[in-house]
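S.K.:
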């Protein structure tokens with residue numbers, strides 16, 4: 028059996044590894060137009076900031092791929108001929124397959140602002156973005172970063188590390204407020220402010236200003252202010268990369284439509300990761316590192332004949348905002364929803380939130396800022412439905428902070444009882 | 003943006019101050035060089051003891067003030083946190099011209115110190131007043147070396163402390179190596195000397211300091227020093243035979259290598275700017291496993307031969323082994339102690355990272371490593387599926403352990419070479435790694451498996467052993 032994997036992001040590379048784990052004989056080819064060896068996307072910022080070299084952000088060495096007989100192919104795919112079962116490359120060559128996995132990931136979203144196509148407008152998704160940043164950043168003295176989410180704060184940190192003055196525009200009244208509850212958002216916002224002097228909350232963009240040569244000169248905000256800059260970082264989310272699937276005649280909505288086994292509308296054609304839309308889960312599109320990995324692994328299993336349907340595991344995610352780490356487990360919304368009780372333990376630079384079901388008193392979610400939690404413990408508590416009062420009592424069991432770190436205070440209930 | 007030292011200071015528009023601070027360090031260094039060169043030209047030290055002392059103070063003072071100034075520019079007013087910005091852009095840190103220059107300076111200094119000590123007469127005489135005060139006698143090159151070493155650990159200890167001030171583990175560990183170096187590897191031995199006792203370093207013992215266990219008349223200068231010396235030998239024996247196994251069982255080799263040891267102390271302070279240069283390839287691992295145990299074998303053989311010769315001489319009046327034994331001793335001293343731990347160990351900091359000796363040569367690390375690997379509660383726990391494969395841990399591991407290789411496969415890290423510095427956990431942007439001590443048997447479990455825990459909790463059978471067949475492993479997991 029010959030499996031072709033298109034895309035070598037975390038979904039694609041995990042699928043490749045998993046297929047090899049479970050099947051010694053399959054022929055595996057992994058194609059990428061970005062880089063022959065897979066890289067870790069979350070590490071792109073560290074490459075730009077000089078923490079690491081290009082080779083060091085590759086999770087596995089060339090030797091690893093050779094040893095596991097996973098062929099790496101550099102090139103862009105234009106179309107999949109599902110009838111003839113061949114992948115057609117941009118140079119006209121063809122790669123035959125028995126099964127193909129589309130793991131083309133996503134790309135930076137665009138909003139449609141005037142001036143959005145000016146040179147000097149960059150996102151942060153792949154190596155080409157980094158090359159653009161490198162090129163533009165060499166001349167830029169001022170930059171505007173648009174988008175108060177995970178990538179925006181990374182862009183701000185990156186540009187600051189190169190001595191570029193950054194203005195950071197956040198649409199909500201607090202950083203990532205559409206995801207983080209008020210207290211978390213406030214803590215992170217204050218932390219960001221300590222690094223980025225010009226942090227503008229509640230600010231939207233009217234247009235991006237450019238000169239006659241089509242180079243960015245500034246950003247005009249919704250309140251009419253014009254912020255001069257030579258570089259505009261746009262980080263307003265990502266959308267699935269579906270062009271290949273569309274060109275190949277697959278069923279595409281927001282993402283590439285797949286069933287619970289990551290099977291697309293064409294036989295033998297699978298899709299997973301950021302680009303996939305999970306039909307049986309209300310058209311859900313999961314676009315973080317951890318879901319990419321989980322989907323890649325599951326897709327590999329079903330491709331090899333396992334009929335288990337994909338069921339998202341207990342949600343977790345993590346991030347780092349400048350020096351402040353964030354972890355979340357289970358179900359924590361940006362507001363206290365009816366039927367929930369929240370408990371918060373907080374000091375000046377860190378906090379933990381426990382969310383519980385008001386009726387059963389069982390814990391249903393954790394948020395941690397500036398505190399490391401133990402994945403296994405939190406997940407076990409969520410899975411077993413442990414009472415929140417018990418969790419509060421034994422909370423140090425979930426602590427994953429380095430030795431000698433300061434211990435915790437008491438949890439206080441938020442909102443009305 | 004290829005600035006030589008601190009991209010941050012330049013970025014914040016303090017180029018002038020930055021240059022001035024660098025100038026101070028350079029001036030101090032120039033004074034040091036002058037204090038060596040001038041007496042060489044004149045054939046004698048042309049200045050009085052007072053001027054010499056002033057020169058010493060000036061040299062140390064200028065360099066310390068310069069370094070502290072640079073630190074203030076880089077870290078002052080900055081939020082605490084990991085600051086590795088531009089590490090790979092700076093020539094001093096990326097094996098550029100400045101890096102090679104530093105390596106040449108370090109190496110040259112060691113060569114001169116070991117084999118051309120008389121060249122250093124200027125700086126040595128300059129330390130006479132201090133030596134008088136501490137040891138009751140004039141300074142020699144080892145006093146110069148010990149003093150410089152301790153000063154570097156102190157000054158760069160401040161740097162390490164500042165860099166990692168957001169984690170208490172790092173602060174305490176840095177404080178510990180500085181205190182052990184200054185107190186037990188500098189003050190105490192010289193005070194003992196003043197009391198006409200042997201120069202004894204309580205923090206070094208056999209096999210790192212093999213002479214302590216050498217027999218009387220065979221280089222075992224503690225044995226040669228009567229009852230006090232014998233007492234010191236007894237303390238050393240107790241430390242290596244009893245204290246070491248107990249502490250290593252409970253805490254891993256870190257209790258010594260990154261909390262107490264002087265070599266480790268220098269690596270964690272002066273060497274910290276170069277920790278990312280430690281090679282983490284499979285080849286290095288293969289070499290290190292052989293070389294470190296070969297050195298251990300060498301020290302065992304050398305010590306054994308010397309005792310055999312002593313025994314034969316004392317009880318049988320036979321001396322035929324003497325040449326071999328003393329030959330081994332001097333070769334071990336030359337190749338391992340002088341060349342490996344000194345010239346190469348510190349000389350290549352700016353090229354191959356700060357732990358080359360600890361990793362490829364130190365016989366103490368070999369013993370501690372064997373114990374850590376097979377009989378210790380220490381491990382680095384991987385936090386479930388949190389790894390994002392970024393690689394910071396592997397890059398900043400001074401021992402060249404490919405930490406990510408374990409973390410991204412959700413395995414705990416149990417490696418003989420790990421010195422427990424904890425920087426992998428500090429640089430991890432997702433809180434994936436934690437140094438901890440726990441039951442020995444659980445260390446090797448396939449780390450935390452949240453999915454299995456979940457399925458078990460839901461009353462379903464766990465997924466079974468997901469361990470890949472050996473063909474898919476990266477490095478595998480062995481000592």
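Residue numbers (this note's numbering), protein chains in the order written: chain A, 28 to 444; chain B, 3 to 481.
Glycine included, every Cβ here is placed at the ideal spot set by N, Cα and C.
As the structure is a prediction and not an experimental result, all values here were calculated from the model.
(1) Considering Cα atoms alone, identify which of A/237, A/235, A/243, A/254 is closest to residue 226 of chain A.
(2) Would residue 383 of chain B pass as an interface residue toward chain A - the criterion being a Cβ-Cβ separation below 9 angstroms?
(3) Throw me the rounded Cβ distance for the residue 312 of chain A and residue 281 of chain A pair, which I believe falls under 8 angstroms.
(4) Have a look at residue 64 of chain B and residue 162 of chain B and give me their C-alpha separation to the nearest angstrom.
(5) What is the DSSP secondary structure of residue 40 of chain A, counted as helix, strand or coil?
(6) Whose C-beta lies closer than 6 angstroms to the C-beta of residue 282 of chain B among residues of the same chain, with five residues either side of it excluded?
(7) Can you tell me which residues form a DSSP beta bridge with residue 357 of chain A?
(8) Three-state secondary structure (DSSP) at residue 170 of chain A?
(9) Pick out whichever of A/269, A/210, A/147 has its Cα sitting closest to the Cα of residue 241 of chain A.
(10) Identify every residue that forms a DSSP beta bridge with residue 260 of chain A.
(11) Please list the segments of the alpha helix (DSSP H) lying wholly inside the stretch 213-260 of chain B, counting only runs of 4 or more residues, in order along the chain.
(12) Between which two residues does the beta strand (DSSP E) containing residue 490 of chain B stretch?
(13) Below 8 angstroms on C-beta distance, what does residue 316 of chain A contact in chain B?
(14) Name the DSSP bridge partner or partners of residue 384 of chain B?
(15) Is residue 162 of chain A close to chain B, meaning its C-beta is less than 9 angstroms from at least one C-beta of that chain?
(16) Roughly how many angstroms separate the alpha carbons of residue 238 of chain B and residue 330 of chain B, rounded to a whole number?
(17) Could you check what DSSP says for residue 22 of chain B in three-state terms: helix, strand or coil?
(18) Tell me where the alpha helix (DSSP H) around residue 370 of chain A begins and ends.
(19) Return the CA-CA distance between residue 390 of chain A and residue 372 of chain A, expressed in angstroms with no decimal places.
(20) Cα-Cα, which of A/82, A/181, A/94, A/363 is closest to residue 193 of chain A?
(21) Residue ranges of each beta strand (DSSP E) run of no fewer than 3 residues wholly in the stretch 172-203 of chain A, ordered along the chain?
(22) Residues of the stretch 63-91 of chain B with a CB closer than 8 angstroms to any CB of chain A: list them in chain order, please.
(23) Can you check whether the C-beta of residue 384 of chain A is within less than 9 angstroms of a C-beta belonging to chain B?
(24) Specify the secondary structure class of residue 460 of chain B as computed by DSSP and reduced to three states.
(25) Give a yes or no on whether the minimum CB-CB distance between residue 169 of chain A and chain B is below 9 angstroms.
(26) Note down, in chain order, all residues in the stretch 420-437 of chain A with a beta-carbon under 7 angstroms from any beta-carbon belonging to chain B.
(27) By DSSP, does residue 1 of chain B sit in helix, in strand, or in coil?
(28) State the start and end residues of the unbroken beta strand (DSSP E) segment that holds residue 170 of chain B.
(29) Residue 302 of chain B versus chain A: which residues are under 7 angstroms apart at the beta carbon?
(30) Can we say the stretch 370-385 of chain B touches the stretch 263-274 of chain B, given the rule of at least three CB pairs closer than 8 angstroms?
(31) Using C-beta distances below 8 angstroms, list every residue in its chain close to residue 303 of chain B, excluding the 5 sequence neighbours before and after it, in chain order.
(32) Give, in chain order, every residue of the stretch 211-245 of chain A whose Cβ lies closer than 7 angstroms to some Cβ of chain E.
(33) Excluding the 5 residues flanking residue 424 of chain B on each side, which residues of the same chain have their C-beta closer than 6 angstroms to its C-beta?
(34) Going by other Cβ atoms of all chains shown within 10 Å of its Cβ, with 16 needed for buried, is residue 183 of chain B buried or exposed?
(35) Return the CA-CA distance between residue 459 of chain B and residue 410 of chain A, expressed in angstroms with no decimal places.
M.R.: According to the structure data:
(1) As a first step, residue 226 of chain A must be located in the first chain, where it is residue number 199. Taking only the C-alpha atoms, the option nearest residue 226 of chain A is A/254.
(2) Residue 383 of chain B sits at position 381 when you count from the first residue of the second chain. At least one beta carbon of chain A lies nearer than 9 angstroms to the beta carbon of residue 383 of chain B.
(3) Along the first chain, one-based indexing puts residue 312 of chain A at 285. Along the first chain, one-based indexing puts residue 281 of chain A at 254. By a beta-carbon distance limit of 8 angstroms, residue 312 of chain A contacts residue 281 of chain A. Their separation comes to about 6 angstroms.
(4) Along the second chain, read from residue 1 onward, the residue named residue 64 of chain B stands at position 62. Along the second chain, read from residue 1 onward, the residue named residue 162 of chain B stands at position 160. The straight-line gap from Cα to Cα measures roughly 20 angstroms.
(5) By one-based count along the first chain, residue 40 of chain A stands at place 13. Correct three-state label for residue 40 of chain A: helix.
(6) The residue given as residue 282 of chain B occupies position 280 in the second chain. If we look at residue 282 of chain B and ignore the five residues flanking it on each side, its Cβ neighbours are 396, 402, 404.
(7) Locating residue 357 of chain A in the first chain gives position 330, where the first residue counts as 1. Paired residues: A/392.
(8) By one-based count along the first chain, residue 170 of chain A stands at place 143. Three-state result, residue 170 of chain A: strand.
(9) Against the first chain, residue 241 of chain A aligns to sequence position 214. In this structure, A/147 is the residue among A/269, A/210, A/147 with its C-alpha nearest to the C-alpha of residue 241 of chain A.
(10) Along the first chain, read from residue 1 onward, the residue named residue 260 of chain A stands at position 233. For residue 260 of chain A, which the question treats as bridged, DSSP gives the partners A/149, A/172.
(11) Those alpha helix (DSSP H) runs which fall completely within the stretch 213-260 of chain B and span 4+ residues are 228-240, 246-253, 256-259.
(12) The shown model of chain B, from 3 to 481, leaves out residue 490 of chain B, and the question about it has no answer.
(13) Here residue 316 of chain A is taken as the residue at index 289 of the first chain, counted from 1. The answer, in chain order, is 390.
(14) Within the second chain, residue 384 of chain B is the residue found at index 382, counting from 1. Bridge partners of residue 384 of chain B: B/435.
(15) Here residue 162 of chain A corresponds to residue number 135 of the first chain, with the count starting at 1. Chain B has no Cβ within less than 9 angstroms of the Cβ of residue 162 of chain A.
(16) Position 236 of the second chain holds residue 238 of chain B. Position 328 of the second chain holds residue 330 of chain B. If I take the Cα positions, the gap works out to 22 angstroms.
(17) Indexing the second chain from 1 puts residue 22 of chain B at position 20. DSSP places residue 22 of chain B within a helical segment (H, G or I) once states are collapsed to three.
(18) Position 343 of the first chain, counted from the start, is the residue given in the question as residue 370 of chain A. First-last for residue 370 of chain A: 367-374, but that is the beta strand (DSSP E), not the alpha helix (DSSP H).
(19) Start at 1 with the first residue of the first chain, and residue 390 of chain A comes out as number 363. Start at 1 with the first residue of the first chain, and residue 372 of chain A comes out as number 345. If I take the Cα positions, the gap works out to 15 angstroms.
(20) Counting from 1 along the first chain, the entry for residue 193 of chain A is found at position 166. Among A/82, A/181, A/94, A/363, the Cα nearest to that of residue 193 of chain A is on A/181.
(21) With a minimum length of 3 residues, the continuous beta strand (DSSP E) runs that stay inside the stretch 172-203 of chain A are 192-196.
(22) Considering only beta carbons, the part of the stretch 63-91 of chain B lying closer than 8 angstroms to chain A consists of 81, 82, 83, 84, 86, 87, 88, 89, 90, 91, in chain order.
(23) For this step, residue 384 of chain A is matched to residue 357 along the first chain. Not one chain B Cβ lies under 9 angstroms of residue 384 of chain A.
(24) Along the second chain, one-based indexing puts residue 460 of chain B at 458. The predicted model places residue 460 of chain B with a pLDDT of 48, which falls under 50 and marks its position as unreliable, so this point remains unresolved.
(25) Against the first chain, residue 169 of chain A aligns to sequence position 142. Not closer than 9 angstroms to any Cβ of chain B, the Cβ of residue 169 of chain A fails to qualify, so no.
(26) Taking 7 angstroms as the Cβ-Cβ cut-off, the stretch 420-437 of chain A approaches chain B at 427, 429, 430, 431, 432, given in chain order.
(27) Here chain B has residues from 3 to 481 only, and residue 1 of chain B is not among them.
(28) Numbered from 1 along the second chain, position 168 holds the residue referred to as residue 170 of chain B. Element bounds for residue 170 of chain B: not the beta strand (DSSP E) but the alpha helix (DSSP H), 170-181.
(29) On the second chain, residue 302 of chain B is found 300 positions in, with the first residue counted as 1. Going along chain A, no residue has its Cβ under 7 angstroms from residue 302 of chain B, so there is no contact; the nearest lies around 34 angstroms.
(30) Fewer than three pairs of CB atoms, one per stretch, sit closer than 8 angstroms, so the stretch 370-385 of chain B makes no contact with the stretch 263-274 of chain B.
(31) Along the second chain, one-based indexing puts residue 303 of chain B at 301. 330, listed in sequence order.
(32) Absent from the structure: chain E. Protein chains present are A and B.
(33) Here residue 424 of chain B refers to the residue found at position 422 when the second chain is read from its first residue. 171, 437.
(34) Within the second chain, the letter at position 181 stands for residue 183 of chain B. Burial call: buried.
(35) On the second chain, position 457 is the one that residue 459 of chain B refers to. On the first chain, position 383 is the one that residue 410 of chain A refers to. Because the pLDDT of residue 459 of chain B is 45, which lies under 50, any placement of that residue in the model is unreliable, and the question is left without a value.
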